[in-house]
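Undergrad: Residue numbers (full-length UniProt numbering), protein chains in the order written: chain A, 1 to 326; chain B, 1 to 326; chain C, 1 to 326; chain D, 1 to 326.
Cβ atoms here follow ideal geometry from the backbone N, Cα and C, with glycine treated the same way.
Have a look at this one before I ask anything.
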């Protein structure tokens with residue numbers, strides 16, 4: 001592409017705290033390196049509906065601390081069709097955009113991958129999802145903040161009066177990954193975590209509960225990943241109520257509060273580094289890669305690897321949780 | 001009563017942030033005035049199971065900032081029977097307790113009232129409940145903190161991506177009183193509050209929703225008091241889904257996180273003043289009164305008035321909410 | 001003035017959390033009542049430099065939770081001169097502004113009063129200052145949030161290791177009023193508050209310190225209002241170091257963090273009610289009054305009274321502090 | 001040593017959020033593995049003054065979320081003398097303690113190393129310091145929380161009204177290491193960081209300031225590590241005031257609030273893993289090592305390496321900061 005390069009930025013999928021810090025970093029690193037920048041509203045939808053606006057450094061002033069995303073996100077069925085992607089491509093060309101930076105999770109990068117190969121268009125992905133379920137990066141933007149939100153919520157629930165033999169099932173996000181549930185449980189001093197990766201935990205729940213109350217604990221807190229594989233907090237609570245009618249079982253579903261809030265220091269630093277790295281990737285003629293962080297070093301991961309491989313949970317953490325909840 | 005006076009303290013009912021600050025204030029004001037102090041565990045239950053321990057100033061050090069209650073609370077069916085109250089009275093005498101301070105809500109003060117009249121025993125109540133539903137005091141211990149917890153949660157939910165035509169129903173506590181829902185809605189910039197006091201609001205919900213989206217708002221947030229009178233967030237969401245299938249309706253139930261957390265400055269000051277006032281009441285030979293605050297002045301309210309009268313919601317606040325959510 | 005009324009809004013003086021909530025309320029209540037609205041940037045300065053922009057409801061969307069003020073504030077020497085005020089008036093007329101709402105503290109309302117009388121121009125004031133030092137309103141916008149910020153900071157300082165005989169002097173804002181220091185001390189469980197209103201407290205500091213350590217406390221925390229009358233935290237610390245060289249004396253000056261942060265629920269409700277009340281005042285042809293809240297009712301206070309009278313500190317709170325820090 | 005093994009735990013040096021989580025993890029992992037546990041109060045001082053108490057799992061219940069350390073810390077001159085260490089050793093033997101776990105920073109591990117070699121006594125160190133300045137571990141307990149506290153404070157300061165040409169110098173901890181200042185600056189969107197590792201930054205400050213205001217920024221925030229090498233915030237502010245009298249220069253010293261507060265999720269997980277690892281080290285007959293984390297794997301570092309080597313700052317982060325503050 002001739003002339004001045006122009007980078008388009010969009011955020012897509014479930015939003016995650018730190019997306020704004022990433023938008024700021026991409027924008028400023030691009031301008032620092034002599035690119036033009038355009039902000040695309042509502043994810044892939046804005047490519048189709050032509051909601052695309054020029055971005056200066058001022059557009060991203062004073063947003064590093066804000067939750068959500070100033071570019072908004074939305075689901076977009078039309079982008080799943082070849083016709084929709086054709087419209088998107090035409091708009092990209094019309095606006096003179098020569099490369100895209102897509103900030104989002106698994107689904108967003110899948111869309112990026114298809115579009116990039118269809119139109120041979122350079123795209124760099126930035127991992128933004130509270131679920132931490134992208135392969136090739138140690139952590140994703142939003143995960144640390146969501147973990148802190150969970151832990152602060154469990155702290156509040158633990159504050160409440162501990163009658164004997166009360167069990168709280170607290171449902172956290174993580175449809176296919178137990179990072180939030182397992183690490184949240186360790187950090188909040190919970191008694192157990194029920195995660196999609198390890199089905200046996202559910203089977204051992206009864207045993208665990210009996211053990212727990214043999215240890216004469218006043219109350220137990222169990223974190224449950226929201227997943228068909230775990231049954232969710234309501235499903236588990238029903239099961240426990242049937243098996244152990246003597247217990248007072250309570251359910252809390254943290255829900256959308258996990259997606260919001262001012263990003264943690266760690267998420268802001270991660271977003272700043274990855275956002276800058278996305279522009280560096282374009283400068284190095286990388287394309288169709290996700291930027292990631294491994295052992296504190298910036299890396300490029302092909303979309304195919306980032307999406308298809310499953311990031312494994314650290315099983316030793318389950319032992320840590322068990323040992324420390326005695 | 002001969003000899004040194006001894007004050008027993010208990011917390012009862014649903015716990016509320018600031019109860020520890022009240023325990024600290026009662027304890028220290030009592031010791032300052034030459035009383036002995038005993039802490040009674042798990043509310044009225046501890047009177048029956050004889051879990052009663054001597055308290056020094058050190059027992060209440062470094063608790064002013066802690067949520068929950070170091071004395072715990074529990075429901076106690078036995079105290080509802082004359083036999084149970086007899087055992088309680090015997091334990092009170094055994095421990096040399098000459099007056100009780102009961103920190104709690106409506107149900108706790110009802111128990112206090114019955115016991116006080118049955119045994120002609122001096123009791124002073126301190127209003128501790130997040131619901132703010134006690135008559136005779138402008139505000140109750142825990143209400144301000146719960147309101148802040150609600151508002152912080154709604155802030156996080158508002159952060160998340162605003163697709164078009166999404167409605168969030170967020171359920172907050174308040175079985176018979178809409179203070180949390182109404183004031184929480186104003187403070188969080190929500191579009192509406194559904195409260196038990198005003199049934200017509202539910203009927204106007206459909207109209208409101210259509211108006212809201214005519215104003216081309218991207219998304220709406222409605223706070224709903226958890227109450228049979230409102231139908232709760234899930235009930236309302238079902239109804240709206242049926243009437244307006246085109247909207248994306250989400251439900252969040254904040255639940256027990258509203259009862260926990262470090263108390264706000266305002267709740268700590270209130271608890272400190274009311275705790276000290278409870279001891280002053282005993283010094284002035286008051287009995288069977290709740291201490292309260294009216295127009296920033298400390299007052300004594302007979303149990304009968306505090307329990308039986310309903311504290312009215314300020315209806316002009318509904319207008320404020322409507323005006324400001326245009 | 002004929003035609004549609006137009007309200008100009010400005011924030012002035014030291015900024016306070018909740019000013020944005022007030023701007024939102026003034027704007028929306030004005031539009032709700034059929035007024036036009038214009039936002040004036042940087043306080044009185046914007047009147048002179050002609051930084052005045054039309055405001056719609058969208059201009060104040062999603063700001064209720066933000067600290068600071070989207071209208072900015074600045075000191076403006078020029079507005080203190082008749083020539084400056086002439087320029088301001090000409091700009092007001094040029095923009096068709098028919099009434100002003102001024103959100104700020106003592107100094108801001110003084111400026112409003114002079115301007116209003118000079119040009120017979122309707123102005124309504126909204127009390128926004130963390131110091132809570134305006135007469136005629138029980139509390140001012142920003143005070144509750146600042147108090148919470150102080151208390152959270154003192155909580156953190158109290159967390160740190162308590163060696164024997166360490167004294168922390170923590171300086172908080174309040175040049176002429178001890179509300180923050182005194183109420184902050186009660187809420188954080190501090191041992192003493194040194195406030196401008198009560199000079200004797202400083203004289204008793206030595207006695208207090210000896211008593212404190214006789215009580216074998218590990219460490220003491222003293223809140224000091226930043227004021228010439230108290231000597232400030234550094235001045236007091238020097239004095240104590242000289243008199244009691246055996247103590248380990250530390251100073252923390254909280255500074256500007258007290259002015260920022262997301263406003264508390266209480267400040268947002270107050271700002272919403274007062275902002276709406278300012279427009280109601282204009283509808284009722286009130287002018288040159290500050291809106292305030294007394295005993296939970298909205299009131300109008302002539303500028304002269306709000307500025308000149310000193311709001312008294314509640315002296316019984318000093319007793320509460322002493323009693324509870326035994 | 002015959003019979004049941006007994007682990008003594010102490011915290012030493014400046015306290016750090018997460019120390020309680022580490023105490024909990026060491027205690028419970030020890031009991032889980034069949035050890036006895038004793039808590040030693042006030043660091044090395046408690047070894048000399050014989051403040052040593054038996055610990056059960058209940059002693060560490062409900063502390064994972066608390067700042068500070070329930071074991072307290074204190075400076076101890078006597079432990080620096082052979083005579084003091086002799087008394088300490090005698091007390092250790094008297095209490096049947098067969099191994100020590102020392103939670104603290106550089107100075108604490110130096111003390112441990114001397115004592116361990118003098119008496120051939122097994123000690124395992126756990127890195128607890130907000131400064132993050134221990135070699136051999138990617139991060140130390142307390143660092144992440146302190147970083148978040150700094151960032152939240154800077155957010156509040158950034159909220160306040162931005163007059164033209166105002167510069168805030170905010171001093172953060174880090175006597176010999178700039179991790180907090182540099183990462184805090186990136187995370188809070190500050191314009192610069194002045195850190196002890198890189199003296200040239202100070203020299204370039206004047207140039208930076210002129211550039212900053214050429215970019216027509218309203219205000220600048222500079223984070224300064226508290227260090228003789230940087231001159232501290234007050235020193236720098238004086239220098240800038242002399243060179244650029246036209247700027248309005250403000251100083252905030254965050255001070256002890258950085259050491260307190262409820263630990264972040266990340267610090268709690270780190271503390272839990274390192275605490276458990278310390279017991280595993282003892283089970284594996286490791287001694288005179290610090291447990292650490294490298295690339296998410298637990299490692300053992302000889303005291304000599306952890307103390308003597310300097311952990312390098314990531315210089316590329318300075319470039320990130322410069323790029324993103326345009």
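So, helix, strand or coil for residue 297 (chain A), using DSSP?
TA: Counting from one through the first chain, the residue named residue 297 (chain A) turns up at place 297. Looking at residue 297 (chain A) - three-state DSSP - the assignment turns out to be strand.
Undergrad: Can you list, in chain order, the residues of its chain with a C-beta nearer than 8 Å to that of residue 88 (chain D)? Leave out the 5 residues immediately preceding and following it.
TA: Sequence index remark: in the fourth chain, residue 88 (chain D) carries index 88 (1-based). So the list reads 44, 47, 48, 79 and 115, once near-sequence residues are dropped.
Undergrad: Bridge partners for residue 10 (chain B) per DSSP, in chain order?
TA: On the second chain, position 10 is the one that residue 10 (chain B) refers to. DSSP output for residue 10 (chain B) lists B:102 as bridge partner(s).
Undergrad: Can you tell me whether DSSP reads residue 314 (chain B) as helix, strand or coil?
TA: For the purposes of this step, residue 314 (chain B) is taken as the residue at position 314 of the second chain. If DSSP states are grouped into helix, strand and coil, residue 314 (chain B) belongs with coil.
Undergrad: One question on the structure: do residue 264 (chain B) and residue 288 (chain C) come within less than 7 Å of each other, judged by their Cβ atoms?
TA: Residue 264 (chain B) sits at position 264 when you count from the first residue of the second chain. Residue 288 (chain C) sits at position 288 when you count from the first residue of the third chain. It is not a contact, given that the beta carbons lie outside the stated cut-off.
Undergrad: Beta-carbon of residue 259 (chain C) versus every beta-carbon of chain D: anything under 7 Å?
TA: Position 259 of the third chain holds residue 259 (chain C). By this cut-off, residue 259 (chain C) is an interface position.
Undergrad: Is the shortest distance between the beta-carbon of residue 10 (chain C) and the beta-carbons of chain B less than 7 Å?
TA: If you number the third chain from 1, residue 10 (chain C) lands on position 10. Not one chain B Cβ lies under 7 Å of residue 10 (chain C).
Undergrad: I'd like the ranges of any alpha helix (DSSP H) spanning at least 4 consecutive residues and lying wholly in the region 219-247 of chain A.
TA: Segments of the alpha helix (DSSP H) lying fully in the region 219-247 of chain A: 232-243.
Undergrad: I need the boundaries of the beta strand (DSSP E) containing residue 36 (chain D), first residue and last residue.
TA: Mapped onto the fourth chain, residue 36 (chain D) falls at position 36. Where residue 36 (chain D) is concerned, the enclosing beta strand (DSSP E) stretches over 36-40.
Undergrad: Opposite residue 193 (chain B) in the DSSP bridges: which residues?
TA: Looking up residue 193 (chain B) in the second chain gives position 193. Answer by DSSP bridge pairing, in chain order: B:223.
Undergrad: Under 7 Å Cβ to Cβ from residue 322 (chain C), same chain only, skipping five residues before and after it: list those, please.
TA: One-based indexing of the third chain puts residue 322 (chain C) at position 322. Closer than 7 Å at Cβ, skipping near neighbours: no residue.
Undergrad: Pairing CB atoms from the region 157-175 of chain D with CB atoms from the region 260-280 of chain C, are three or more of them under 8 Å?
TA: Yes, the region 157-175 of chain D touches the region 260-280 of chain C.
Undergrad: In whole angstroms, give me the CA-to-CA distance for residue 236 (chain A) and residue 179 (chain A).
TA: Here residue 236 (chain A) refers to the residue found at position 236 of the first chain. Here residue 179 (chain A) refers to the residue found at position 179 of the first chain. Near 19 Å, if we compare the C-alpha coordinates of residue 179 (chain A) and residue 236 (chain A).
Undergrad: Is the region 121-140 of chain A touching the region 222-230 of chain B, taking contact as three or more C-beta pairs under 8 Å?
TA: Taking 8 Å as the limit for Cβ pairs, the verdict is that the region 222-230 of chain B does not touch the region 121-140 of chain A.
Undergrad: Report buried or exposed for residue 197 (chain C), applying the criterion of at least 16 other Cβ atoms within 10 angstroms of its Cβ.
TA: Taking the first residue of the third chain as position 1, residue 197 (chain C) is located at position 197. Per the 10 Å Cβ criterion, buried.
Undergrad: Can you tell me which of B:142, B:39 and B:311 puts its alpha carbon nearest to the alpha carbon of residue 95 (chain B)?
TA: Reading the second chain from its first residue, position 95 is the one you call residue 95 (chain B). For residue 95 (chain B), the nearest C-alpha among the options comes from B:39.
Undergrad: From which residue to which residue does the alpha helix (DSSP H) around residue 85 (chain A) run?
TA: Position 85 of the first chain holds residue 85 (chain A). First-last of the alpha helix (DSSP H) with residue 85 (chain A): 82-94.
Undergrad: Between the C-alpha atoms of residue 103 (chain D) and residue 182 (chain B), what's the straight-line distance to the nearest angstrom?
TA: For this step, residue 103 (chain D) is matched to residue 103 along the fourth chain. For this step, residue 182 (chain B) is matched to residue 182 along the second chain. Rounded to whole angstroms, residue 103 (chain D) to residue 182 (chain B) spans 48 Å at the Cα level.
Undergrad: Can you check whether the C-beta of residue 59 (chain D) is within less than 7 Å of a C-beta belonging to chain A?
TA: Numbered from its first residue, the fourth chain carries residue 59 (chain D) at position 59. Chain A, which has no Cβ nearer than 7 Å to the Cβ of residue 59 (chain D), makes this no.
Undergrad: Any C-beta of chain D sitting closer than 7 Å to the C-beta of residue 189 (chain A)?
TA: Residue mapping note: residue 189 (chain A) aligns to position 189 of the first chain, counting from 1. It does: the Cβ of residue 189 (chain A) has a partner Cβ on chain D nearer than 7 Å.
Undergrad: Does any C-beta atom of chain A lie closer than 7 Å to the C-beta of residue 131 (chain B)?
TA: Residue numbering aside, residue 131 (chain B) sits at position 131 when the second chain is read from its first letter. For residue 131 (chain B), the answer is no, since every Cβ of chain A falls outside 7 Å of its Cβ.
Undergrad: Per DSSP, which residues does residue 171 (chain A) bridge with? Please list them.
TA: By 1-based counting over the first chain, the position of residue 171 (chain A) is 171. Its beta-bridge partners are A:224 and A:253.
Undergrad: For residue 74 (chain C) and residue 42 (chain C), which I take to be in contact (beta-carbon distance under 8 Å), what is that distance rounded to the nearest angstrom?
TA: Within the third chain, numbered from 1, the residue matching residue 74 (chain C) stands at position 74. Within the third chain, numbered from 1, the residue matching residue 42 (chain C) stands at position 42. About 4 Å; that satisfies the 8 Å criterion.
Undergrad: When you compare the CB of residue 278 (chain C) with every CB in chain D, is at least one pair closer than 7 Å?
TA: As a working mapping, residue 278 (chain C) is identified with position 278 in the third chain. So, not an interface residue.
Undergrad: Could you tell me whether the Cβ of residue 1 (chain C) comes closer than 7 Å to any Cβ of chain B?
TA: Working through the third chain from its first residue, we reach residue 1 (chain C) at position 1. Residue placement at residue 1 (chain C) is flagged as unreliable, the pLDDT there being 42, under the threshold of 50; the coordinate-derived value follows with that caveat. Not an interface residue.
Undergrad: Using the beta-carbon of each residue, which ones in chain D are nearer than 7 Å to residue 160 (chain C)?
TA: Start at 1 with the first residue of the third chain, and residue 160 (chain C) comes out as number 160. Correct list: 15, 68, 256, 259 and 260.
Undergrad: Which one of C:191, C:150 and C:153 has the shortest CA to CA distance from residue 166 (chain C)?
TA: Taking the third chain and counting its residues from 1, the one referred to as residue 166 (chain C) is at position 166. When each option's Cα is compared against that of residue 166 (chain C), the closest is C:191.
Undergrad: In the DSSP output, which residue or residues are listed as bridge partners for residue 52 (chain C)?
TA: In the third chain, residue 52 (chain C) corresponds to position 52, counting from 1. Note: residue 52 (chain C) sits in a beta bridge opposite C:40.
Undergrad: Taking 7 Å as the limit between beta carbons, can you name the residues of its chain near residue 206 (chain B), skipping five residues before and five after?
TA: Taking the second chain and counting its residues from 1, one reaches residue 206 (chain B) at position 206. Excluding positions up to five away in sequence, the list reads 243.
Undergrad: Taking the straight line between their C-alpha atoms, what separation do you get for residue 106 (chain A) and residue 305 (chain A)?
TA: Translated into the one-based positions of the first chain, residue 106 (chain A) becomes position 106. Translated into the one-based positions of the first chain, residue 305 (chain A) becomes position 305. Each residue's Cα considered, the two are about 11 Å apart.
Undergrad: Please classify residue 171 (chain D) as buried or exposed, where buried requires at least 16 other C-beta atoms within 10 Å of its C-beta.
TA: As a first step, residue 171 (chain D) must be located in the fourth chain, where it is residue number 171. Classification of residue 171 (chain D): buried, given that the 10 Å Cβ count is 16 or more.
Undergrad: In three-state DSSP terms, what is residue 2 (chain A)?
TA: Taking the first chain and counting its residues from 1, the one referred to as residue 2 (chain A) is at position 2. Because residue 2 (chain A) carries a pLDDT of 49, less than 50, the predicted location of this residue cannot be relied on, and the following value inherits that uncertainty. It is coil, neither helix nor strand.
Undergrad: How would you write the range of the alpha helix (DSSP H) that residue 178 (chain C) sits in, first residue to last?
TA: Within the third chain, the letter at position 178 stands for residue 178 (chain C). Premise fails: residue 178 (chain C) is in no alpha helix (DSSP H) and is neither H nor E.
Undergrad: Kindly list, in the order they appear in chain C, the residues whose Cβ is closer than 9 Å to that of residue 147 (chain B).
TA: Looking up residue 147 (chain B) in the second chain gives position 147. Going along chain C in sequence order, the residues near residue 147 (chain B) (Cβ under 9 Å) are 264, 265, 266 and 269.
Undergrad: Is there a Cβ of chain G sitting closer than 7 Å to that of residue 183 (chain D), yes or no?
TA: Absent from the structure: chain G. Protein chains present are A, B, C and D.
Undergrad: Could you check which residue in B:66, B:118 and B:76 has the C-alpha nearest to that of residue 86 (chain B)?
TA: Counted from its first residue, the second chain places residue 86 (chain B) at position 86. When only C-alpha atoms are compared, the closest one is B:118.
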